[in-house]
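Order-wise, the sequence lines are chains X and V. The numbering used here applies: residue 16 is where the first sequence begins, and numbers increase by one. The numbering used here applies: residue 56 is where the second sequence begins, and numbers increase by one. A quick write-up on the structure given underneath.
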Amino acid sequence: MFKFSNAMKPAFALALVPLLFAAQSSAADKYPGVGRTATPAEIQAWDIDVRPDFKGLPKGSGSVEQGQVIWENKCASCHGTFGENNTVFTPLVGGTTKEDIKTGNVANLKRNDYPGRTTIMKVSSLSTLWDYIHRAMPWNAPKTLSNDDVYAVLAYLLNLAEIVPDDFTLSNSNIQDVQKLMPNRNGMMRKHAMWPGKSGLVTATPPDTKNTTCMTNCKPNATVSSTLPDYAQTSHGELATQVRPFGQTRGQGAAGGTPAKTAHNPDYALAEKSGCTACHGINQKIVGPGFTEIADKYKGQDVTSKLVTKVKNGGSGVWGSMPMPPQTDLKDSDAQALVKWILSGAPTQ
Amino acid sequence: MAKNEELIPVETPEGLKKPGRIQKAPENFLTPTEVEQVTKGRRDFLRGSFMAAVAAAVTGRNAFAQDASALVDAKTGDPYILQPQTWATTLGKGVATAPYGLPSKFESDVIRRPSPGLTQTTQSSVSFSPLQSMFGIITASGLHFERHHQGWYDIDPSMHRLMVNGSSPEFVKKPKVYTMDDIMRMPFVSRIHFIECGANTGMEWGNVAVPTVQYTHGMLSCSEFTGVPLRLLLEDCGADMTKKFVLAEGADGSAMTRTIPMEMVLNDEVLVAYGMNGEMMRPENGYPLRLVVPGVQGVSWVKWLRRIEVGDQPYATKDEAVHYIDLMKDGQHRQYTSIQECKSVICTPSGGQKLLEKGYYTISGLAWSGRGKIKQVDVSTDGGVNWKRAKLETPIQSKALTRFSLPWNWDGKTAILQSRAVDDTGFVQPSYGQLRAVRGTRSIYHNNAIQSWGVAENGDVSNVQVL
Numbered sequence: 016m017f018k019f020s021n022a023m024k025p026a027f028a029l030a031l032v033p034l035l036f037a038a039q040s041s042a043a044d045k046y047p048g049v050g051r052t053a054t055p056a057e058i059q060a061w062d063i064d065v066r067p068d069f070k071g072l073p074k075g076s077g078s079v080e081q082g083q084v085i086w087e088n089k090c091a092s093c094h095g096t097f098g099e100n101n102t103v104f105t106p107l108v109g110g111t112t113k114e115d116i117k118t119g120n121v122a123n124l125k126r127n128d129y130p131g132r133t134t135i136m137k138v139s140s141l142s143t144l145w146d147y148i149h150r151a152m153p154w155n156a157p158k159t160l161s162n163d164d165v166y167a168v169l170a171y172l173l174n175l176a177e178i179v180p181d182d183f184t185l186s187n188s189n190i191q192d193v194q195k196l197m198p199n200r201n202g203m204m205r206k207h208a209m210w211p212g213k214s215g216l217v218t219a220t221p222p223d224t225k226n227t228t229c230m231t232n233c234k235p236n237a238t239v240s241s242t243l244p245d246y247a248q249t250s251h252g253e254l255a256t257q258v259r260p261f262g263q264t265r266g267q268g269a270a271g272g273t274p275a276k277t278a279h280n281p282d283y284a285l286a287e288k289s290g291c292t293a294c295h296g297i298n299q300k301i302v303g304p305g306f307t308e309i310a311d312k313y314k315g316q317d318v319t320s321k322l323v324t325k326v327k328n329g330g331s332g333v334w335g336s337m338p339m340p341p342q343t344d345l346k347d348s349d350a351q352a353l354v355k356w357i358l359s360g361a362p363t364q
Numbered sequence: 056m057a058k059n060e061e062l063i064p065v066e067t068p069e070g071l072k073k074p075g076r077i078q079k080a081p082e083n084f085l086t087p088t089e090v091e092q093v094t095k096g097r098r099d100f101l102r103g104s105f106m107a108a109v110a111a112a113v114t115g116r117n118a119f120a121q122d123a124s125a126l127v128d129a130k131t132g133d134p135y136i137l138q139p140q141t142w143a144t145t146l147g148k149g150v151a152t153a154p155y156g157l158p159s160k161f162e163s164d165v166i167r168r169p170s171p172g173l174t175q176t177t178q179s180s181v182s183f184s185p186l187q188s189m190f191g192i193i194t195a196s197g198l199h200f201e202r203h204h205q206g207w208y209d210i211d212p213s214m215h216r217l218m219v220n221g222s223s224p225e226f227v228k229k230p231k232v233y234t235m236d237d238i239m240r241m242p243f244v245s246r247i248h249f250i251e252c253g254a255n256t257g258m259e260w261g262n263v264a265v266p267t268v269q270y271t272h273g274m275l276s277c278s279e280f281t282g283v284p285l286r287l288l289l290e291d292c293g294a295d296m297t298k299k300f301v302l303a304e305g306a307d308g309s310a311m312t313r314t315i316p317m318e319m320v321l322n323d324e325v326l327v328a329y330g331m332n333g334e335m336m337r338p339e340n341g342y343p344l345r346l347v348v349p350g351v352q353g354v355s356w357v358k359w360l361r362r363i364e365v366g367d368q369p370y371a372t373k374d375e376a377v378h379y380i381d382l383m384k385d386g387q388h389r390q391y392t393s394i395q396e397c398k399s400v401i402c403t404p405s406g407g408q409k410l411l412e413k414g415y416y417t418i419s420g421l422a423w424s425g426r427g428k429i430k431q432v433d434v435s436t437d438g439g440v441n442w443k444r445a446k447l448e449t450p451i452q453s454k455a456l457t458r459f460s461l462p463w464n465w466d467g468k469t470a471i472l473q474s475r476a477v478d479d480t481g482f483v484q485p486s487y488g489q490l491r492a493v494r495g496t497r498s499i500y501h502n503n504a505i506q507s508w509g510v511a512e513n514g515d516v517s518n519v520q521v522l
């Protein structure tokens, strides 16, 4: 190794740093130039998962009382004030008892006649709820709750499920204790043939069904145990138009039947195409008010331009606190047409 | 309709006549006066009626409902042959008229459809692939079934990132961020695999609930996927490959997460995929990046993939602890049920369809297994009393759809069509009776029972269940 004069040293050292770095990284990397090291801030921003052992759970706390305020503003419009609503999503709360909290098995899950299964009846790990609320709620504005908000909302939900008392404050330091109260904490079974690894996560068994390839006279006769119920015959629209109109078969109803229904009202089609109907029913509230409810409210008033502005810019407070998101992609002419259609009573045909 | 039935050619000689396939003509196809003239022998009306039929085909679908043979003139033959047609006598369209090609306008009935009433929003919902109208094993990308949890976005690929890190810092020595440029420079593989939602056929656990194969089995698609084996990315980050799990996370609102076993990463099955059927992944399917986990239910194929975490414990994510858990008879839920077991379904003929006449048909359907290759498919036309071995189209690939077919002469009597698949582990697809005996009827997920289609004497095919 030769020596440089002192005068050259700083310049050389500066030049050498990137060279060394590059040489080092190509020696370590199989794919030089591909990808870069993630910064701690980047990892912190995206690594948000919380495991059943609560690894990943950020510090924080929130009370039932605080949770109720957030709930009523941001959650109740879909889930109902008491988490019981099934209009938009499956109910969150209901179906569990004090006894379940003792045993860790929800007794109603054994009943064939029990209608529906709420989230709190099924979930065994409290971490799942914290993680999911934090990453995906509220539904139309995911990842906007603070950590303390998440603790508060979860505290309120647990209170609705009668797992924690009214004056409870949930925090990272007591969440493990609440886990021990989860009504279905012992309700998961990991012994089956359907996990594709050998990691010990699941105790592998042979497949639980054991059919054979019998080819002749396999049973005395074939008995039909179930047929399509009458209501389901038409529940999926005109079957005649759901299969290619040539080939081996036709769709049922094509033969001399009534012609396929004429298209929807074009403005109704526009409402569907523009995504309005995801949140607004024709007559009933889904997330936002039903169209005919809007028409009734403004009957006899000249509100077209006001509502067009509201559609374009979004808003909240008139029909509840669930905000209507701004419809920035909607053309002005379409917004006009939609508002006029809504105020005319939202005819579908 | 009687008047239109009279339209069916008088004096039709044998050979041209196929009365069984004739469907009653739609209303207004010919006016009563025209019908009268035809019955009086005015043949020139036939050509006019064809013009009407062609016009109807352009705007609607009724032309095809009218069987061609019904319009064949006994003495001369088929006007579509005898009369020069527009497409044969005028100049057609130029290249790149459709810079991105679309299906024929006559294929407008072949679309994905939601199941009305299944969900209250379109953003947390499903649309089903029209299996009844598809051929072979590859799903046309525009017909691939959709399942979104919080809506979909068309993400700008220049803004999309994939991060690899560890649940503990020591699990991944050099956590990294990759752009699409980075990922597409890596070594790639292309493989054909099926993807099936764990809840496919879920509506049918207790009884028949939906009319057609689109709704019973349409949360099923199969594509050629191109991407980087996840193992290469993990090794590039210095990951500890002895850890048992990886977590996959999406970039969408739901930030979907699922636990994936490291074994499937180590054997190079798990891909970080950007290509689908020769083009980029469609936005509805996760553009620009999704995880491919062959044989495992679709929910694990995380779309808009933004992060992979190497971990030493499972994650019990929302779709591993609230949904995608299988309720058994004793009130316990099976957790981490991921494999889609061996299954098959007849797509033609199938529920909601009609056989127009007696005679020859080719029964056609799909078989698949999340454990490997399809070894055998048997078809029954008597509800499972007797079976015949179906023909399998090649190539037969692991964890991919396999097309089967069987010739069938329908004698016009009632029949119950079934298919039963066997995979190369020897597993035989169960009957409804067998499946319910071990799992009850409330599981929602992983219904792989033998599907039955009842054929009535009038040719109507409908969804039925046989234990």
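Glycine is no exception: its CB is placed at the ideal position from the N, C-alpha and C atoms.
In this model, G77 (chain X) and H149 (chain X) are separated by some 13 angstroms (Cα to Cα). Leaving aside the five residues that flank V232 (chain V) on each side, the residues in its chain whose CB is nearer than 6 angstroms to its CB run, in chain order, R216 and M218.
Contact of P158 (chain V) with chain X by beta-carbon distance below 9 angstroms is absent, the smallest such distance being about 11 angstroms. Short of 8 angstroms from the beta carbon of S289 (chain X), and not among the five residues preceding or following it, lie these beta carbons of its own chain, in chain order: Q342, L345, D349 and L353. With contacts defined by Cβ atoms closer than 8 angstroms, S170 (chain V) and E364 (chain V) do not form a contacting pair.
Burial is judged here by how many other beta carbons sit within 10 angstroms of a residue's own beta carbon; A254 (chain V) has at least 16 and is buried.
Taking a Cβ-Cβ threshold of 7 angstroms, the residues of chain X close to A264 (chain V) are A247, in chain order. Distance between T145 (chain V) and I297 (chain X), taken at the CA atoms: about 48 angstroms. Its chain contains E396, C397, S424 and R426 as the residues whose beta carbon lies nearer than 8 angstroms to that of F482 (chain V), once the 5 sequence neighbours on both sides are disregarded; these appear in chain order. The beta-carbon of R362 (chain V) is placed less than 8 angstroms from the nearest beta-carbon of chain X. Within the stretch 310-341 of chain V, the beta strand (DSSP E) runs of at least 3 residues that lie entirely inside it are, in chain order, 312-316 and 326-331. A Cβ of chain V is located within less than 8 angstroms of the beta carbon of L124 (chain X). Pairing R202 (chain V) with G353 (chain V) gives a Cβ-Cβ distance under 8 angstroms. Taking 7 angstroms as the upper bound on Cβ-Cβ separation, chain X lies near residues R389, Q390, Y391, T392, S393, I394 and E396 of the stretch 389-401 of chain V. As DSSP reads the structure, T52 (chain X) sits in a beta bridge with V:K231. Closest in C-alpha terms to D182 (chain X), from the list X:K195, X:A167 and X:L196, comes X:A167. Unbroken alpha helix (DSSP H) runs of no fewer than 4 residues, entirely contained in the stretch 150-203 of chain X, are found at 162-175 and 190-194, following chain order. Close partners of E99 (chain X) in chain V (Cβ separation under 8 angstroms) are lacking, with about 15 angstroms as the shortest Cβ gap. By DSSP's assignment, V326 (chain X) forms no beta bridge with any residue.
The beta carbons of M204 (chain X) and R337 (chain V) sit no closer together than 8 angstroms.
The bridge partners DSSP lists for M230 (chain X) come to none.
Contact annotation for N220 (chain V) against chain X: A53, I58 and D62 [CB-CB distance below 7 angstroms, chain order].
In the three-state scheme derived from DSSP, where H, G and I count as helix and E and B as strand, H272 (chain V) is classed as helix.
When secondary structure is reduced to three states using DSSP, C402 (chain V) falls in the strand class. Across the structure, P134 (chain V) and A143 (chain V) are spaced so that their CA atoms are roughly 14 angstroms apart. Those residues of the stretch 228-239 of chain X placed with their C-beta closer than 9 angstroms to a C-beta in chain V are T228, C229, M230, T231, N232, C233, K234, P235, N236, A237, T238 and V239, ordered along the chain.
Where L254 (chain X) is concerned, there is no enclosing beta strand (DSSP E), because DSSP gives it neither an H nor an E. Under the Cβ criterion of 8 angstroms, Q263 (chain X) is counted among the residues facing chain V.
In this structure, the straight-line span from the alpha carbon of Q205 (chain V) to that of N101 (chain X) is close to 18 angstroms.
Residue-level contact by beta carbon holds for V217 (chain X) and chain V, with a gap shorter than 8 angstroms.
It is roughly 6 angstroms from the alpha-carbon of A286 (chain X) to the alpha-carbon of T292 (chain X).
Counting of Cβ neighbours within 10 angstroms places T312 (chain V) among the buried residues, the total reaching 16 or more.
In this structure E162 (chain V) is exposed. Its beta-carbon is surrounded by fewer than 16 other beta-carbon atoms within 10 angstroms. Q59 (chain X) sits in a helix when the DSSP states are folded into three classes.
Across the structure, G110 (chain X) and T496 (chain V) are spaced so that their CA atoms are roughly 19 angstroms apart.
For W356 (chain X), the uninterrupted alpha helix (DSSP H) run begins and ends at D347 to L358, by DSSP.
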